[in-house]
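Here UniProt numbering is used: the first residue of the sequence shown is 1, the next is one more, and so on. Quick reminder that beta carbons are idealized off the backbone N, C-alpha and C, glycines included.
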Amino acid sequence: MKDSETPRWTIRGVALPEWPYTAIFFTSIWLVYLLDPIKAAWELRHTTAGVVGIVTTVAFAVVYMWHFMVSRRFAWGVDPGQPVDGGSSVRRYLRYALLAALALSSTLAVGQEGTTTWVFVAVAGLWTFGFIVGVAVSAAIAVAYEICIYHVPGWHRDNGVSLAIALAVLAVGGGMLAARRQRDLAAARRENAWLLVQEERNRMARDLHDILGHSLTVITVKAELAGRLVEVAPERAKVEIESLETLAREALADVRGAVEGFREISLAGELARAREALGAAGIEARLPRSVDEIPADVRELYAWAIREGVTNVIRHSNARQCSVTMSDRELSIVDDGPGEATTGAGNGLRGLRERASAVGAVLETTGGPDGFRVRIVVPSVEAIPSGSAAGDSARAAGSAAAGDSLAGGATTAGGRAYGAPVEVQR
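#1: Excluding the 5 residues flanking V110 on each side, which residues of the same chain have their C-beta closer than 6 angstroms to its C-beta?
#2: Quick one: using the 10 Å Cβ neighbour count with 16 as the cut-off for buried, is N318 buried or exposed?
#3: Taking the straight line between their C-alpha atoms, what separation do you get for A171 and V123?
#4: Taking only runs of the alpha helix (DSSP H) that begin and end inside the segment 109 to 153, which ones reach a length of at least 4 residues, in chain order?
#5: Specify the secondary structure class of E200 as computed by DSSP and reduced to three states.
#6: Considering only DSSP beta bridges, list what A285 is partnered with.
#7: Between L94 and I132, what straight-line distance do the alpha-carbon atoms span, to the nearest angstrom?
#8: Can you have a look at Q112 and say buried or exposed, based on whether 16 or more other CB atoms are within 10 angstroms of its CB?
#9: Just to confirm, are T56 and L34 a CB contact at a threshold of 7 angstroms?
#10: Is R373 helix, strand or coil when you go by DSSP?
#11: Is it right to say L196 is buried, meaning 16 or more other beta carbons lie within 10 angstroms of its own, or is it exposed?
#12: Please classify D292: does DSSP put it in a helix, a strand, or coil?
#13: Let me confirm a value: V152 is counted as buried when at least 16 other C-beta atoms fall within 10 Å, else exposed. Which label applies?
#14: Please state whether DSSP places residue 431 in a helix, a strand or coil.
#15: Counting along the chain, where does the beta strand (DSSP E) carrying V333 start and finish?
#16: Going by DSSP, what residues sit across from V362 in a beta bridge?
#17: With contact counted as at least three CB pairs below 8 angstroms, one residue from each stretch, are the segment 183 to 196 and the segment 129 to 147 in contact?
#18: Sorted by chain position, which residues of the same chain lie with C-beta nearer than 6 angstroms to A389's C-beta, five sequence neighbours on each side aside?
#19: For a test of the three-state rule: what should DSSP assign to T246, helix, strand or coil?
#20: Spatial neighbours of G50 within its chain, please: CB distance less than 8 angstroms, with the 5 preceding and 5 following residues excluded, ordered by chain position.
#21: Taking the CB atoms as reference points, tell me whether I376 and A305 lie closer together than 7 angstroms.
Okay, structure coming up:
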């Protein structure tokens with residue numbers, strides 16, 4: 001950023017007027033301490049030393065303000081939403097060298113009273129070199145002053161300047177660290193907000209794909225079935241057409257729920273829908289009769305897997321048979337269509353892979369001339385690293401496992417059940 005660009009000050013998120021007004025006020029108020037060297041120079045105004053003292057001290061104040069205005073961005077960050085900058089390092093160093101030269105000239109002209117400028121030079125070192133180097137420079141200036149008061153003739157032993165340097169560096173350095181921490185926190189908040197937006201976008205994209213992909217596939221299959229039945233079985237065709245309205249309304253409700261973030265899915269309900277959709281497509285369905293033995297921590301994942309897997313079977317497999325087997329730690333969806341192995345690059349499988357990863361599970365897909373298989377393997381709760389999001393969610397869900405039946409979809413309280421794969425209907 002160029003030196004001429006002037007971002008706004010902020011205090012607790014409230015923008016203050018742009019400089020020079022605010023910045024000049026908060027900085028120039030401390031220039032009142034330069035009255036000591038000005039007063040000493042004024043008393044010598046009829047001498048060359050007095051004139052030099054007045055000119056150099058006034059010039060020092062001007063350069064000090066100029067240096068602050070163009071370097072405060074490097075020191076404070078000023079606006080947490082803007083990057084830190086303060087012009088090039090060379091220009092900062094040149095301004096600081098000029099400031100130090102003027103302070104030395106003032107001291108040589110008026111004596112010990114001119115060392116007040118050394119306090120400002122010490123503070124300016126923080127703006128110029130950063131906190132660590134600036135503190136070292138300030139310490140060197142304080143040590144130099146202490147040496148001078150003991151070895152320069154006519155100087156009295158007054159430690160006020162050294163104390164002023166220490167207090168000023170402590171105050172300004174603390175302010176710099178606080179401002180930079182505020183800026184870092186603001187950057188972290190922006191990053192977190194961006195990640196939340198991305199996460200919400202991914203969730204909506206995943207849910208809408210899963211919801212609409214499944215619903216529209218079933219609607220298409222039922223519409224084709226109804227078209228074929230119009231001539232041969234009008235009554236059944238009427239039933240299928242009526243079910244289309246129900247499916248469309250359910251899809252609309254699901255979309256609204258996904259957008260609002262209230263989307264819920266039931267494993268028993270998805271199995272029932274899968275049976276209906278496969279039957280409408282003329283595919284023999286071999287599905288579990290019950291889900292009571294499936295732990296609560298994997299039911300939602302299994303439900304999404306069945307929805308995506310069955311949708312793909314109907315749309316792509318040309319299969320005659322589809323079977324689903326599941327246990328407490330594994331789910332398999334197998335069809336006998338001429339499928340091909342996939343890397344999971346499609347949106348549906350990609351979303352399913354993300355859902356599986358969220359609970360520490362692994363999604364596998366294999367295919368060939370004899371059929372296609374989608375397999376999800378969920379590690380035991382003990383195998384998931386403690387403290388991980390997947391482990392925490394699995395342990396939390398496992399403490400309140402429940403069962404729901406295919407007929408009514410009711411939920412009953414109970415402990416976690418582990419056992420052999422659920423029996424399938426042949």
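Inspection of the coordinates gives the following:
#1: P37, A40, A41 and G53
#2: exposed
#3: 10 angstroms
#4: 116 to 129 and 131 to 151
#5: helix
#6: C322
#7: 19 angstroms
#8: buried
#9: no
#10: strand
#11: exposed
#12: coil
#13: exposed
#14: As shown, the chain starts at 1 and ends at 426. That puts residue 431 outside it, with no answer to give.
#15: The amino acid occupying residue 333 in the given sequence is Ile; Val does not appear at that position. From DSSP, the beta strand (DSSP E) with I333 extends over E330 to D335.
#16: V377
#17: no
#18: Because A389 carries a pLDDT of 45, less than 50, the predicted location of this residue cannot be relied on, and the following value inherits that uncertainty. None.
#19: helix
#20: A41, W42, E43, L44, A109 and V110
#21: yes
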